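If you read the protein sequences in the order shown, they are chains R and F. So for the first sequence, my numbering puts the first residue at 1143; every next one is plus one. So for the second sequence, my numbering puts the first residue at 68; every next one is plus one. Structure record follows, encoded as structure tokens.
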Amino acid sequence: EAGVVQSPRYKIIEKKQPVAFWCNPISGHNTLYWYLQNLGQGPELLIRYENEEAVDDSQLPKDRFSAERLKGVDSTLKIQPAELGDSAVYLCASSLDGRAQETQYFGPGTRLLVL
Amino acid sequence: GNSVTQMEGPVTLSEEAFLTINCTYTATGYPSLFWYVQYPGEGLQLLLKATKADDKGSNKGFEATYRKETTSFHLEKGSVQVSDSAVYFCALRSDRKLSFGAGTTVTVRA
């Protein structure tokens, strides 16, 4: 069974440029998460989707970040414009549903470097 | 709010040594507790979990027991191998949110 797929794996951009990350969750998983992982820290939730609905986006910096999951499967996370402080790893995860005991499966992440 | 505090690294061990990584948490209600592992160049993988007090999670020789009285979920392995070199994250799940500790880097030398 394929795991969570993310692309690109690495991205280098100059500040003020836009950037987008793509995630394909495990087949059949209704819940999708985007996390931000800064160097030397644990992941922090940015947004959680239940199917195509964003049910928790309280930690998403909405002035520059946006996300979508139009058909309840793949998702895209966008930053526009990027800032130096956005350099981090962006992780996507999925689970069957959002229940408390449900295991989240993580993708390999996209490592972003903003110059 | 919910938070997880885990032992700072890095931790360097010799093969076959005993490993303990301390993890304590603060949460309202009754969270589920997890250990995730991140091998070099890979994504986070669930190592083990426990969903209620006194539960013991185990996998690949690792164990952790959910201790409500001490709000702890320490990770242990009796005899580590070079292949256990990774970053280990303690996490709790409450209100459908997963909160992670900062991670502990473990290096096992042959």
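Cβ atoms here follow ideal geometry from the backbone N, Cα and C, with glycine treated the same way. Bear in mind the structure is a predicted one, so any value in this text is a computation, not a measurement.
By how many angstroms is the C-alpha of residue j removed from the C-alpha of residue i?
{"i": "L1202 (chain R)", "j": "S1208 (chain R)", "result": "8 Å"}
{"i": "G1145 (chain R)", "j": "I1168 (chain R)", "result": "6 Å"}
{"i": "L159 (chain F)", "j": "E1192 (chain R)", "result": "20 Å"}
{"i": "A117 (chain F)", "j": "T91 (chain F)", "result": "14 Å"}
{"i": "L80 (chain F)", "j": "L113 (chain F)", "result": "22 Å"}
{"i": "A1235 (chain R)", "j": "G110 (chain F)", "result": "10 Å"}
{"i": "A1224 (chain R)", "j": "K1204 (chain R)", "result": "13 Å"}
Look at the Cβ atom of residue i, then the Cβ atom of residue j, and state whether they are nearer than 7 Å.
{"i": "A84 (chain F)", "j": "V147 (chain F)", "result": "yes"}
{"i": "I1155 (chain R)", "j": "V1161 (chain R)", "result": "yes"}
{"i": "L1254 (chain R)", "j": "S1229 (chain R)", "result": "yes"}
{"i": "Y133 (chain F)", "j": "D122 (chain F)", "result": "yes"}
{"i": "G96 (chain F)", "j": "S166 (chain F)", "result": "no"}
{"i": "V154 (chain F)", "j": "V175 (chain F)", "result": "no"}
{"i": "P1150 (chain R)", "j": "T1218 (chain R)", "result": "no"}
{"i": "Y1177 (chain R)", "j": "L1233 (chain R)", "result": "yes"}
For residue i, go through chain R and note every residue whose CB falls closer than 8 Å to its CB, in chain order.
{"i": "E109 (chain F)", "result": "P1250"}
Using a Cβ-Cβ distance cut-off of 7 Å, determine whether residue i contacts chain R.
{"i": "F156 (chain F)", "result": "yes"}
{"i": "L178 (chain F)", "result": "Only positions 68 to 177 of chain F appear in the structure, and residue 178 (chain F) is not among them; the question remains open."}
{"i": "L159 (chain F)", "result": "no"}
{"i": "L113 (chain F)", "result": "yes"}
For residue i, which residues in chain R fall below 7 Å Cβ to Cβ?
{"i": "A169 (chain F)", "result": "G1182, Q1183, G1184"}
Run through chain F and tell me which residues come within less than 7 Å of residue i, C-beta to C-beta.
{"i": "Q1088 (chain R)", "result": "No answer is possible for residue 1088 (chain R): it lies beyond the span of chain R, which begins at 1143 and ends at 1257."}
{"i": "L1254 (chain R)", "result": "Going along chain F, no residue has its Cβ under 7 Å from L1254 (chain R), so there is no contact; the nearest lies around 15 Å."}
What in chain F is Cβ-close to residue i, meaning under 9 Å?
{"i": "L1257 (chain R)", "result": "The premise fails here: L1257 (chain R) is roughly 22 Å from chain F at the closest Cβ pair, so nothing lies under 9 Å."}
Next on the checklist: Which complete alpha helix (DSSP H) runs does the region 1199–1227 of chain R hold, if anything under 4 residues is left out?
Outcome noted: None, since the region 1199–1227 of chain R contains no complete alpha helix (DSSP H) of that length.
Item to check | Complete runs of the beta strand (DSSP E) confined to the region 69–154 of chain F [at least 3 residues] | outcome: For the beta strand (DSSP E) assignment, the uninterrupted runs of no fewer than 3 residues enclosed by the region 69–154 of chain F are, from N- to C-terminal side, 70–73, 78–81, 86–88, 90–93, 99–105, 111–117, 123–126, 129–132, 142–144.
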